[in-house]
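Undergrad: One structure, pasted below without further comment.
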Amino acid sequence: MILFYSKCVLSPPPFPEVAAILRAATRFSFPHHRSWAIQVLEEYWPSELYYLDRTKFPHALETVVLGRAYDVPGILKRAFYELLRSRTFLMDEAGDEAEGGNTTPQLEMNDIKRLISTRENLTTAWVVRNCTN
């Protein structure tokens, strides 16, 4: 166990592993492990604006679903930003709509509506700014 923790301090595990730790720690009431997983996720998904750049963050859809399901609001802002700027924010990584029966996470309808509305507003603002005299 000590080897696991010392390894994680030097290099946090990949997102899927941290997400699994959060789910298990929440399910089995391990608050220390849950706090650690949340801290790592918040480092992966910083909400401060000075971290915004062109770097693409994978797993945005999974992060929103995870943040909603396990009450981790600190990771939502950046994850929503990443979804908004992706070309296929309502599709899986391959670019195809998620098929029934697979394990692709699903956004709640309110989040989908919010994303569509925000993208429309941003597109309108961009057109007005760049296409009017």
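Take the sequence shown: its position 5, counted from the start at 1, is 29 in the numbering used here, and no numbers get skipped.
The beta-carbon is built from N, C-alpha and C at its ideal position, and this holds for glycine as well.
Go ahead and pull the three-state DSSP assignment for R111.
TA: In the structure shown, R111 sits in coil (DSSP, three-state: anything other than H, G, I, E or B).
Undergrad: State the DSSP-derived secondary structure class of E72, mapped to helix, strand or coil.
TA: E72: coil per DSSP, three-state reduction.
Undergrad: Can you tell me whether P129 is helix, strand or coil according to DSSP?
TA: Here P129 sits in coil by DSSP.
Undergrad: According to DSSP, is T156 helix, strand or coil?
TA: It is coil, neither helix nor strand.
Undergrad: For the putative contact between F39 and Y68, defined by C-beta atoms under 8 Å, what is the C-beta separation to the nearest angstrom?
TA: About 6 Å; that satisfies the 8 Å criterion.
Undergrad: Which ranges does the alpha helix (DSSP H) cover as unbroken runs of at least 4 residues, wholly within the stretch 52–104, from first to last along the chain?
TA: If we require 4 residues or more, the alpha helix (DSSP H) runs fully inside the stretch 52–104 come out as 55–68, 84–93.
Undergrad: Using DSSP with H/G/I as helix, E/B as strand and the rest coil, what is S141?
TA: Helix, per DSSP.
Undergrad: Give a yes or no on whether the C-beta atoms belonging to I136 and L100 are separated by under 8 Å.
TA: Going by C-beta atoms, I136 is not nearer than 8 Å to L100.
Undergrad: Can you grab the Cα-Cα spacing for the pair F145 / D95, in whole Å?
TA: At residue 145 the sequence reads Asn, which differs from the Phe that was named. Rounded to the nearest angstrom, the two C-alpha atoms are 28 Å apart.
Undergrad: Which word fits I140, buried or exposed, when buried means at least 16 other C-beta atoms lie within 10 angstroms of its C-beta?
TA: Classification for I140: exposed.
Undergrad: For V151, count the other beta carbons within 10 Å of its own beta carbon; 16 or more makes it buried, fewer makes it exposed. Which is it?
TA: So V151 ends up on the exposed side.
Undergrad: Would you mind sorting A93 into buried or exposed? The rule is 16 or more other CB atoms within 10 Å of its CB.
TA: Result: exposed.
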